[in-house]
């Protein structure tokens, strides 16, 4: 039989995603944005420790290139799905290791994506909500500060076990977001961690506080789509997905 060729699933728009072996949330929330869209999400998993500590996060670095190599070549964009590890290892080092296996592919991570999202919204003062222990919150604050973003209010569940983080109820996260977001001077709420569920509450919290809400998964997927040249306005939850096309200076 003769056959015709096209660009494959997703009309050739292929997003690569590296998910932690302990993550139970990122893929679930990604489906909420990409289901029914003409985009092909290809994902693989990187070995990760059950606990979220600076030492355990740093241990992922040697696995990054090998894991990225498991994905097909010629991706439209590649995302690494860990906010805290991106802060500990450093976004530039994450990109370098990924591009050893995927040369020429635009690479992002939740930390860089959140910073880009906050800049797109004109935000420099945030309330930060995390599930992390303080040893992980510190590098997060430092990474944001290095980009001119100040954490003026903070709430944390002080949990280092990723299994537990995946099961923190959205109602609990919403309460933390509202409490932290009511502090004086806050311009937006940033909720960190790809394993912490937020998609069901982002718009409700935005309405209650009158402020934009940025979560790790929301920003990561927005930034991957942006790097892939895909206009995704209206695809996802929150004010971030209401923005017109934005490019960094």
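Residue numbers (the UniProt record's numbering): 1 to 249.
Virtual Cβ for every residue (Gly too), placed ideally from N, Cα, C.
Being a predicted model, the structure only gives us computed values, none of them experimental.
| Asked | Found |
| --- | --- |
| Which whole-angstrom value describes the C-beta separation of residue 188 and residue 129, a residue pair presumed to lie in contact below a C-beta threshold of 8 angstroms? | Residue 188 to residue 129, Cβ: 11 angstroms. No contact. |
| In whole angstroms, give me the CA-to-CA distance for residue 182 and residue 153. | 9 angstroms |
| Looking at the strands, I want to know which residues DSSP matches up with residue 80. | 18 |
| Inspect the beta-carbon positions of residue 16 and residue 42 and report whether they are closer than 8 angstroms. | yes |
| Counting pairs of Cβ atoms below 8 angstroms between the stretch 82-92 and the stretch 145-164, do you hit three or more? | no |
| What three-state label does DSSP hand residue 46 in the structure shown? | strand |
| Short check: CB of residue 117 to CB of residue 219, under 8 angstroms? | yes |
| Starting from residue 53 and walking both ways along the alpha helix (DSSP H), at which residues does that stretch end? | Taken as a continuous stretch (DSSP letters only), residue 53 belongs to no alpha helix (DSSP H), as it is neither H nor E. |
| Whole alpha helix (DSSP H) runs in the stretch 97-131 with 4 or more residues, listed along the chain? | 110-120 |
| Which residues does DSSP list as the beta-bridge partners of residue 189? | 127, 213 |
| Report, in whole angstroms, the separation of the C-beta atoms of residue 33 and residue 238, which I expect to be a contact under 8 angstroms. | Wrong, their Cβ atoms sit about 11 angstroms apart, outside the cutoff. |
| Report yes or no: do three or more beta-carbon pairs, one from the stretch 184-203 and one from the stretch 16-30, lie closer than 8 angstroms? | yes |
| Sort 207, 169, 206, 19 by Cα distance to residue 108 and report the nearest one. | 19 |
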